[in-house]
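In my numbering, the protein residues as written are 69 to 642. Ideal placement from N, C-alpha and C gives every residue a C-beta, glycine not left out.
Shown next as structure tokens:
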């Protein structure tokens, strides 16, 4: 008779049930690190195991057969041995000394399954938090991690830029790199080298490197921005970037580097105005991108870059450096991943797709958008031969989102990239990311699902943000543009919806998770309060601020906290 099989997460490609059960203890200790997996692969056997190295199976692929007398593992590489060991640990039940006899066939649908965390918009996680993230990502079958950096690395000689940011140090990056390597994750350096450099260019010392040193006009909003954010495309900027890469890249094992390059908004408004007028923005961008890529290649690294600018003009996409890997990002449901992937496949490009967690500029997350964004991006990646995904979690305008609101998209996206199929069974992944028991996971799942659909109570919506976040953070003179068209009935409906969340939040047994998500709900309430034309009392605002600071410091360093709090409430304190 076939023995019952505990559910495995993520679901394997194939499970073939056998007859009977076998003693789990005879397998001995299971490998938890790559060095142990590599030793097992080389030895070919261990207690209760027979291990065959079968490279033809493919990277990370394995066939595991548990029989009455012996367990056999055919593994494509050491990473596959670790994946098989993870499956075995899930099969082991604490109150049952036996394992079911079966065969598991598994391997990844996409070769690259990456996660990128923004550590430059104020919130730099503690080392303990980063190490927990690495462990969880390994369980979710991720094999690449990037930390998005603008100024939050302790670059020697540039203390004025990072002094108050609680930056990552070279020793910390190396320690994190070691931890990633132990579990089969590649820590890829990520350093923006063109746009989004406000944190540097706000200082007089660097102002001469800017495209528009005296400020610029945002092309989408028409607003004047006094602080420049884009380097001018010239030799001086290249020298500056090369020096940063010289300090940063040696901290990593990886021979890749994400050089960014997205949203150089000012391009053509200042230093490059004549060049753009003569040759066009895309041509000027491409010429400078080639030089940035050459810096990375010259240091022995394959460059990745955000593909948004070149995808505005697909005729130029094929002219990007052949060795460079475009990362195609899009964070809204309905983004044309399919069309973009099809075009890049026609051009023969190796590329990644980058959906998002839909959590930034939100207190509760935007669940439906996140899950649709994941499915569309990964389906296009599978259909058009993308190398993989880089799931992104940004921290725009304060990094106010509670960390657990990222979990639905992380679990859905990374497991889809592994299995090739969407899953609705997300709760087991929450237990992994939150380090709590499987029994506690359903309550967290219920609360995250409910909170993540708060936005649906109001018809009005804005791209890449929640309206309740806008209500709370908007300046007084801008608030009416967010409340216009929102009815009193919709606000009442949102209040009721948050009231319905209260018992779901109270059911969460993990104290930190319950407090973080409750704080997110209460900040959304404060936004609704303000949308009704009311002012938060000093006492209420102070209490929210104290809770926000406490939640931040449990996971992140103090650098950036004051700035984040300063953008949390749009109106001045009463």
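Put simply, the region 291-299 does not touch the region 310-330. Fewer than three CB pairs are less than 8 Å apart. In the three-state reduction of the DSSP assignment, residue 337 falls in the coil class, being assigned neither a helical nor a strand state. Residue 86 places its beta carbon less than 8 Å from that of residue 171. Counting along the chain, the unbroken beta strand (DSSP E) around residue 166 starts and ends at 166-174.
No Cβ-Cβ contact shorter than 8 Å links residue 284 with residue 329. If you check the CB distance, residue 256 and residue 305 do not come in under 8 Å. About 23 Å separates the Cβ atoms of residue 533 and residue 617, ruling out a contact at the 8 Å cut-off. Residue 541 sits buried, since 16 or more C-beta atoms from the chains shown fall within 10 Å of its C-beta.
Burial state of residue 145 is buried, judged by a 10 Å Cβ sphere holding 16 or more other Cβ atoms. Looking from the CA of residue 236, the closest CA among 138, 196, 179, 273 belongs to 196.
Inter-segment contact for the region 606-621 and the region 493-509 is absent: fewer than three beta-carbon pairs are separated by less than 8 Å. When DSSP reads this structure, residue 498 sits in no beta bridge, so it has no partner.
Between residue 393 and residue 372, the beta carbon gap of about 5 Å places them in contact (Cβ cut-off 8 Å). Across the structure, residue 452 and residue 480 are spaced so that their CA atoms are roughly 20 Å apart. The residue among 500, 327, 174 with its C-alpha nearest the C-alpha of residue 125 is 174.
The alpha carbon of residue 391 has as its nearest neighbour, out of 110, 415, 367, 361, the alpha carbon of 361. In the three-state scheme derived from DSSP, where H, G and I count as helix and E and B as strand, residue 258 is classed as strand. Runs of the beta strand (DSSP E) spanning 3 or more residues and lying entirely within the region 216-262 occur at 254-259, in chain order.
CA-to-CA, the gap between residue 537 and residue 600 works out to about 14 Å. Contact between residue 152 and residue 166 fails: their C-beta atoms lie close to 18 Å from each other, not under 8 Å. DSSP, read as helix, strand or coil, puts residue 577 in coil. Sequence-distant Cβ neighbours of residue 357 in its own chain, meaning closer than 7 Å and more than five residues away, are 329, 373, 388. Listed in chain order, the alpha helix (DSSP H) elements of length 4 or more contained wholly in the region 78-131 are 102-111. Rounded to whole angstroms, the separation of the alpha carbons of residue 129 and residue 587 is 42 Å. Taking one beta carbon from each stretch, the region 238-258 and the region 199-215 have 3 or more pairs nearer than 8 Å; the two touch.
In the displayed model, residue 138 falls within coil according to three-state DSSP, outside both helix and strand. When Cβ pairs closer than 8 Å are counted between the two stretches, the region 219-231 is seen to touch the region 263-278, the count reaching three or more.
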